[in-house]
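The sequence shown maps to residues 623 to 1053 in our numbering. From the three backbone atoms N, C-alpha and C, an ideal C-beta is built for every residue, glycine too. All remarks here apply to the structure that follows.
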Amino acid sequence: MQFKRLVALAGIGLVLINCKNDDSAKEIEEDIAEVVEEKKILEFGFNLNDYVVKRDTIRKGDSFGEIMERNKIGYPKIFEIAEKAKDTFDIARRLIPGKPYTLLCSKDSLEIPSTFIYQPNIEDYVVINFKDSIEAYTSKKPITYVEKTATGVIENNISETLDQKGISQVLAYKMADDIYAWTIDFRRLQKGDRFKVIYTDKYISDSIYAGVHDVKAAYFEHKGDSLYAFEFLTDSIKGIRDYFNDKAKNLRRAFLKMPVKFGRLSSRYNLKRRIAYYGNRVRPHKGTDFAAPVGTPIMATANGTVIESTRRGGNGKYVKIRHNDTYTTQYLHMSRQTVKKGDFVKQGDVIGLVGMTGNTGGPHVCYRFWKNGRQVDPFKQKLPEAKPISDSLKIRFLRHIKPIKQQLDNIFFLEAEPKKVETTITEDPIL
Ligand SMILES: [Zn+2]
623 MQFKRLVALA GIGLVLINCK NDDSAKEIEE DIAEVVEEKK ILEFGFNLND YVVKRDTIRK
683 GDSFGEIMER NKIGYPKIFE IAEKAKDTFD IARRLIPGKP YTLLCSKDSL EIPSTFIYQP
743 NIEDYVVINF KDSIEAYTSK KPITYVEKTA TGVIENNISE TLDQKGISQV LAYKMADDIY
803 AWTIDFRRLQ KGDRFKVIYT DKYISDSIYA GVHDVKAAYF EHKGDSLYAF EFLTDSIKGI
863 RDYFNDKAKN LRRAFLKMPV KFGRLSSRYN LKRRIAYYGN RVRPHKGTDF AAPVGTPIMA
923 TANGTVIEST RRGGNGKYVK IRHNDTYTTQ YLHMSRQTVK KGDFVKQGDV IGLVGMTGNT
983 GGPHVCYRFW KNGRQVDPFK QKLPEAKPIS DSLKIRFLRH IKPIKQQLDN IFFLEAEPKK
1043 VETTITEDPI L
């Protein structure tokens, strides 16, 4: 399909001088065979070989008029172009400094531009063509999704393992924060834990890497447990996707593990805690402390209704949320609350900021967790599943994952070489 032109190189003359012996015919043949392939370079729907291509970025204070003037297009023409292009793209106002543009110019000594192409982002571009008549349109660079697989064995942590294989760290975040956030503590991975993953990478124009798009399925061996995860669209109208294991159990839980994204667990729930300050007497700590800088957002760990948002004694400024008949949570020592009594909050909503109000030696959030009116250790709870899959959906799910599970099971751990199998798909695999 692709148009190719063969261009013979010079050099035949030299051979002809020596054509007295019998080898000469062969020599000429060999020389002619030495050709260069000139490929059609397609970009923005143009064959760039037909033009002198000038690429630049919009400079501060640049206007379309100035760019045109620098490139030998005069004023009545500039007005005409801007006027005719206006309905598609208002070039007089919408050029942003730092964004790239391309001029396609005539392939003669004058190098007169005939097309202006502006890229407001890496996917979209605007074409203003003014060779003969003036036309303007916007378009998108073609996007492809490439399915890949990867495996890894943990030496120290997952970031390091991915790094050594040249795989994007986004894959680590997706596994730690989205997929296995409730089932595996990624800060406590063990040497020898290993994983397999099937994911898609996004590319623009087949060449520009635009990051990990999606994780289709994963398998994690942690402390001898095998944990499968399969992505599944549970609500095609709302576009809700969740990860389920091979038994159709939702991997997400009704509760987040921690109320802060990047906090350090500084003190666990401990009924036998002894504190020197109190004469080494037992002072039980019924909360779980997460140290984080002042101002760090504190999230509601589950959906619920705010039943208290106030300041009191050693608790300082705090928020208490009732999730249902069974569970209630509380978040202490805030620098300020961002919700008030009666507010309904969703899992992950910011309810306040980390502070040092009340009795505290340093900035942290003390997280308290009640089950049936009794304060318990949230890390020791078998927390409820987020949303069980319906029976009819379960049948569809199990049918859906059958070939994917087979694909996962057939990936072998090849630790010498990163195993990367690639399949190109042009449609968004999620939709
Ligand atoms: Zn505490």
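Asked                                                                                                                                                                                 : Found
Can you tell me the Cα-Cα spacing of G633 and E733, whole angstroms?                                                                                                                  : Note that G633 scores a pLDDT of 31, beneath 50, so its modelled location is shaky and nothing firm can be said.
Just to be sure I understand the criterion: a residue counts if its Cβ is closer than 5 Å to at least one heavy atom of ligand 1. Which residues meet that?                           : G909, D911 and C988
Please state whether the Cβ-Cβ distance between I1033 and T822 is less than 8 Å.                                                                                                      : no
Can you tell me whether Q1003 is buried or exposed? The criterion is at least 16 other CB atoms within 10 Å of its CB, across all chains shown.                                       : exposed
In terms of residues, what are the limits of the alpha helix (DSSP H) holding G833?                                                                                                   : Not the alpha helix (DSSP H): G833 falls in the beta strand (DSSP E), residues I830 to H844.
Taking just the CA atoms, how far does F668 sit from K682?                                                                                                                            : 28 Å
Would you call the CB atoms of A922 and D971 closer than 8 Å?                                                                                                                         : yes
Identify whether T932 lies in helix, strand or coil by the three-state DSSP scheme.                                                                                                   : strand
Between the segment 794 to 801 and the segment 982 to 991, are three or more C-beta pairs nearer than 8 Å?                                                                            : no
Helix, strand or coil for G687? Go by DSSP, reduced to three states.                                                                                                                  : helix
If I680 and G720 are in contact, beta carbons under 8 Å, what's the gap, nearest whole angstrom?                                                                                      : 7 Å
Closer than 8 Å is the cut-off here; do at least three beta carbon pairs connect the segment 884 to 894 with the segment 1004 to 1016?                                                : no
In its own chain, which residues sit with a C-beta less than 8 Å from the C-beta of N1054, not counting the 5 before and 5 after it?                                                  : It is not possible to answer for residue 1054, since the shown part of the chain is limited to 623 through 1053.
For my contact list, H986 and D868 are in at a C-beta cut-off of 8 Å; report their separation, rounded to the angstrom.                                                               : Not quite, the Cβ-Cβ distance comes to about 38 Å (not below 8 Å), so this is no contact.
Assuming C727 and K662 make a contact with CB atoms under 8 Å, what is their CB distance in whole Å?                                                                                  : The pair is not a contact, with the Cβ atoms about 18 Å apart (cut-off 8 Å).
Within its chain, find whatever has a CB closer than 6 Å to the CB of E930; leave out the 5 residues flanking it on each side and keep chain order.                                   : K942
Run through DSSP, which three-state label would F1035 get?                                                                                                                            : coil
Give every residue of the same chain whose Cβ lies closer than 6 Å to the Cβ of T979, excluding the five residues on either side of it in the sequence, and list them in chain order. : G938, K939 and H955
Going by Cα to Cα distance, which pick from F808, E769 and K963 is closest to K824?                                                                                                   : E769
So, is E853 buried or exposed, given that buried needs 16 or more other C-beta atoms within 10 angstroms?                                                                             : buried
Skipping 5 residues on each side, what residues in its chain have a beta carbon closer than 7 Å to that of K813?                                                                      : I776 and E777
What first and last residue would you give for the beta strand (DSSP E) that runs through F854?                                                                                       : D847 to D857
Taking G696 as the reference, which of N743, D746, F752 and R715 has the closest Cα?                                                                                                  : F752
In the structure shown, what three-state DSSP assignment does D971 receive?                                                                                                           : coil
Taking buried to mean at least 16 other C-beta atoms within 10 Å of its own C-beta, is D815 buried or exposed?                                                                        : buried
Output needed for E651: all residues of its chain with C-beta closer than 6 Å, excluding positions within five of it in sequence on either side, in chain order.                      : Low confidence applies here, because E651 scores a pLDDT of 44, under 50, leaving its location unreliable; read the following figure in that light. Result list for E651: empty, nothing under 6 Å.
Quick one, are the C-beta atoms of T724 and I739 less than 8 Å apart?                                                                                                                 : yes
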